[in-house]
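**Student:** Starting off with a structure, shown below.
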């Protein structure tokens with residue numbers, strides 16, 4: 049019998065991770081949780097945030113590698129939008 053809780057932070061899709069992170073934030077903002085539960089959710093939220101950030105960085109790298117220039121596929125940095 050395998051225990052799925054042995055690896056509490058499995059890698060999920062970006063959308064799934066983001067949805068779960070949003071739920072955690074709403075639950076923490078409610079403020080009605082015991083300290084231990086709040087810490088558990090915070091830890092999970094930090095892991096999900098890190099996972100989403102890494103997935104976005106990987107996607108950005110893939111996009112940079114696929115930008116076409118002068119009829120050839122050439123890496124090109126994405127332009128950062130300035131606020």
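Residue numbers (our numbering): 49 to 131.
A virtual CB, placed ideally from N, CA and C, is assigned to each residue, including glycine.
Computed from a prediction, not measured in an experiment: that's the story for all the values here.
#1: Is residue 132 near residue 96, with beta carbons less than 8 Å apart?
#2: Give me the Cα-Cα distance between residue 144 and residue 102, rounded to the nearest whole angstrom.
#3: From residue 84 to residue 63, what distance separates their C-alpha atoms?
#4: Please report the distance separating the alpha-carbon of residue 6 from that of residue 79.
#5: Pick helix, strand or coil for residue 67, following the three-state DSSP scheme.
**Tutor:** According to the data block:
#1: The chain is shown only over 49 to 131; residue 132 falls outside these bounds and no answer can be derived.
#2: An answer regarding residue 144 cannot be provided, because it is not within the stretch 49 to 131 covered by the chain.
#3: C-alpha separation (whole angstroms): 27 Å.
#4: Because the chain spans 49 through 131 in this model, residue 6 falls outside it and cannot be assessed.
#5: Reduced to three states, the DSSP call for residue 67 is helix.
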